[in-house]
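There are 2 protein chains.
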Amino acid sequence: MLFVFAVVSGFTSNDPRFTPDNELIRPTNYREWIFLSSGLSMSYGIQPHMADKPEFDNVFVEPSAYKAFLATGKWPDKTMFILEIRFAETHGSINKSGYFQRDIVAIEAEVKDESRFKEKWAYVDFSPAGKLHDTAKPFAGDSACNVCHAKNAAVENTFVQFYPTLLEIAQAKHTLR
Amino acid sequence: MLFVFAVVSGFTSNDPRFTPDNELIRPTNYREWIFLSSGLSMSYGIQPHMADKPEFDNVFVEPSAYKAFLATGKWPDKTMFILEIRFAETHGSINKSGYFQRDIVAIEAEVKDESRFKEKWAYVDFSPAGKLHDTAKPFAGDSACNVCHAKNAAVENTFVQFYPTLLEIAQAKHTLR
Chain V
1 MLFVFAVVSG FTSNDPRFTP DNELIRPTNY REWIFLSSGL SMSYGIQPHM ADKPEFDNVF
61 VEPSAYKAFL ATGKWPDKTM FILEIRFAET HGSINKSGYF QRDIVAIEAE VKDESRFKEK
121 WAYVDFSPAG KLHDTAKPFA GDSACNVCHA KNAAVENTFV QFYPTLLEIA QAKHTLR
Chain L
1001 MLFVFAVVSG FTSNDPRFTP DNELIRPTNY REWIFLSSGL SMSYGIQPHM ADKPEFDNVF
1061 VEPSAYKAFL ATGKWPDKTM FILEIRFAET HGSINKSGYF QRDIVAIEAE VKDESRFKEK
1121 WAYVDFSPAG KLHDTAKPFA GDSACNVCHA KNAAVENTFV QFYPTLLEIA QAKHTLR
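Here it is in structure tokens:
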């Protein structure tokens, strides 16, 4: 049964993969990972950006990391998150108000790799200037992403405060900062 | 390998289960199913309900049905969807505008069972009057849910027009109505 477990949980196949020049390879199967939450036009600044062009953000985490988090309230090495940003639309089909999701705006990643990154966590934008790339170089360790996640995230560098099912786990396991 | 495949895809374990008096048993693992999309305060009526109490709706489908849809653009018998509705909040942690997800408001299901339901598809609300139940009786075949889904959904009785990744599949497989 060990083999079966390895196949199911994907411990090997879903680990972050890097090119020889240290670019993260964009995972193509993340829509089959575990969904954590969606937000609409969330903004951490004073200036809202809701009115002009609303966007959804969908957050997914690799399944074996999710299972580890359920058991421990912490993230194992090689954890990977994908942030998928999509245009929000109001008028379409029978929908008359509120918002539903349309085309992709951007795909970004957060990766925990303790041996590769001094800060343990790194951030990648696969879609700079609106074009989707297959690989991308992680931001430097003092990037705005690193600084904000390290300062404000609820569990290690991850915004568990915005993922309702994980927030319950972290509270139960006492792993909230 | 057949046994392994059955374990992975969950063909048996995730089929809709009913009590002896024909109530659908609420699946408890749906957050580990395939996420299709989220909307915010979507409304099909003239009257918007966004302003007073915004809500997110998250849609999940059982993984083996999802895999079948990727291959065919159609839903196999025993397909089950879960609609999870959650309160939307603006001010919390570092968020200053836009919306993120909080506690559950309601959990509903859509089930395809060709032998059990004359209309093939049935609709269930596990949370009438705001209380979450472990089982619930499907609505009658002429319910508002049945009528609206049968009339307006893009693929069979399902609102694929609001699920961007599935919409591409249905377009490619020519299964849109």
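One line per chain: the protein sequences are V and L, in this order. Sequential numbering from 1 applies to the first sequence in my numbering. Sequential numbering from 1001 applies to the second sequence in my numbering. Virtual Cβ for every residue (Gly too), placed ideally from N, Cα, C.
Practice problem: Could you pull out every residue in the same chain whose Cβ sits closer than 7 Å to the Cβ of residue 1037/L, ignoring the five residues on either side in sequence? | Solution: Reading the second sequence from its first residue, position 37 is the one you call residue 1037/L. Once the five neighbours on either side are set aside, the close Cβ partners of residue 1037/L are 1059, 1162, 1163 and 1164.
Self-check item: Residue of 1097/L, 1110/L and 1101/L minimising C-alpha distance to residue 1148/L
Solution: Counting from 1 along the second sequence, the entry for residue 1148/L is found at position 148. Ranking 1097/L, 1110/L and 1101/L by Cα distance to residue 1148/L puts 1110/L first.
Quiz item: What's the gap between the Cα of residue 82/V and the Cα of residue 108/V?
Solution: Counting from 1 along the first sequence, the entry for residue 82/V is found at position 82. Counting from 1 along the first sequence, the entry for residue 108/V is found at position 108. Cα to Cα, the separation comes out at about 6 Å.
Exercise. Determine the chain L residues that contact residue 86/V at a beta-carbon separation under 8 Å, and present them in chain order.
Key: Mapped onto the first sequence, residue 86/V falls at position 86. Residues of chain L passing the Cβ test: 1164.
Exercise. If I'm right that residue 56/V touches residue 86/V with Cβ under 8 Å, what's the distance once you round it to whole angstroms?
Key: Counted from its first residue, the first sequence places residue 56/V at position 56. Counted from its first residue, the first sequence places residue 86/V at position 86. Residue 56/V to residue 86/V, Cβ: 5 Å. Contact.
Quiz item: By Cβ distance, which residues of its chain are closer than 6 Å to residue 39/V, with the 5 residues on each side in sequence left out?
Solution: For the purposes of this step, residue 39/V is taken as the residue at position 39 of the first sequence. Excluding positions up to five away in sequence, the list reads 57.
Quiz item: Who are the near neighbours of residue 1167/L in its chain, counting only those whose CB is closer than 7 Å to its CB and skipping five residues on each side?
Solution: Translated into the one-based positions of the second sequence, residue 1167/L becomes position 167. Closer than 7 Å at Cβ, skipping near neighbours: 1160 and 1161.
Quiz item: Assuming residue 169/V and residue 73/V make a contact with CB atoms under 8 Å, what is their CB distance in whole Å?
Solution: Along the first sequence, read from residue 1 onward, the residue named residue 169/V stands at position 169. Along the first sequence, read from residue 1 onward, the residue named residue 73/V stands at position 73. Their Cβ separation, rounded to whole angstroms, is 6 Å, which keeps residue 169/V and residue 73/V in contact under 8 Å.
Self-check item: Simplified DSSP assignment, three categories, for residue 86/V
Solution: Mapped onto the first sequence, residue 86/V falls at position 86. Strand at residue 86/V.
Quiz item: the stretch 1091 to 1110 of chain L: which residues have C-beta closer than 9 Å to a C-beta of chain V, in chain order?
Solution: 1092, 1093, 1094, 1095, 1096, 1097, 1098, 1099, 1100, 1101, 1102, 1103 and 1104
Quiz item: In three-state terms, what does DSSP make of residue 1052/L?
Solution: In the second sequence, residue 1052/L corresponds to position 52, counting from 1. Residue 1052/L: coil per DSSP, three-state reduction.
Practice problem: Compare the C-beta of residue 56/V against all C-beta atoms of chain L and say whether one is closer than 8 Å. | Solution: Numbered from 1 along the first sequence, position 56 holds the residue referred to as residue 56/V. Yes, contact with chain L.
Quiz prompt | Interface residues of chain V facing residue 1040/L [CB-CB closer than 7 Å] | solution = By one-based count along the second sequence, residue 1040/L stands at place 40. Per Cβ cutoff of 7 Å: 40, 98 and 99.
Practice problem: With a threshold of 16 other CB atoms inside 10 Å of the CB of residue 44/V, please say whether the residue is buried or exposed. | Solution: Position 44 of the first sequence holds residue 44/V. Per the 10 Å Cβ criterion, exposed.
Quiz item: Quick one: what does DSSP say residue 1163/L is sitting in, helix, strand or coil?
Solution: Start at 1 with the first residue of the second sequence, and residue 1163/L comes out as number 163. Coil.
Quiz item: Are residue 1063/L and residue 1034/L touching if we call contact CB-CB under 8 Å?
Solution: Start at 1 with the first residue of the second sequence, and residue 1063/L comes out as number 63. Start at 1 with the first residue of the second sequence, and residue 1034/L comes out as number 34. In contact: residue 1063/L and residue 1034/L (Cβ atoms closer than 8 Å).
Exercise. Work out the CA separation of residue 113/V and residue 2/V for me, nearest whole Å.
Key: If you number the first sequence from 1, residue 2/V lands on position 2. If you number the first sequence from 1, residue 113/V lands on position 113. In this prediction, residue 2/V has a pLDDT of 41, which is less than 50 and means its spatial position is unreliable; what the coordinates show is noted afterwards. Their Cα atoms are separated by approximately 25 Å.
Practice problem: For residue 1175/L, collect the residues of the same chain with a Cβ closer than 7 Å to its Cβ; drop the 5 residues on either side in sequence, then sort them by chain order. | Solution: Taking the first residue of the second sequence as 1, we reach residue 1175/L at position 175. 1073, 1074 and 1155.
Practice problem: Express the C-alpha separation of residue 79/V and residue 12/V in angstroms, rounding to a whole number. | Solution: By 1-based counting over the first sequence, the position of residue 12/V is 12. By 1-based counting over the first sequence, the position of residue 79/V is 79. Low local confidence applies: a pLDDT of 49 at residue 12/V is under 50, so the model's placement there is unreliable, with the coordinate-based value given in what follows. Each residue's Cα considered, the two are about 12 Å apart.
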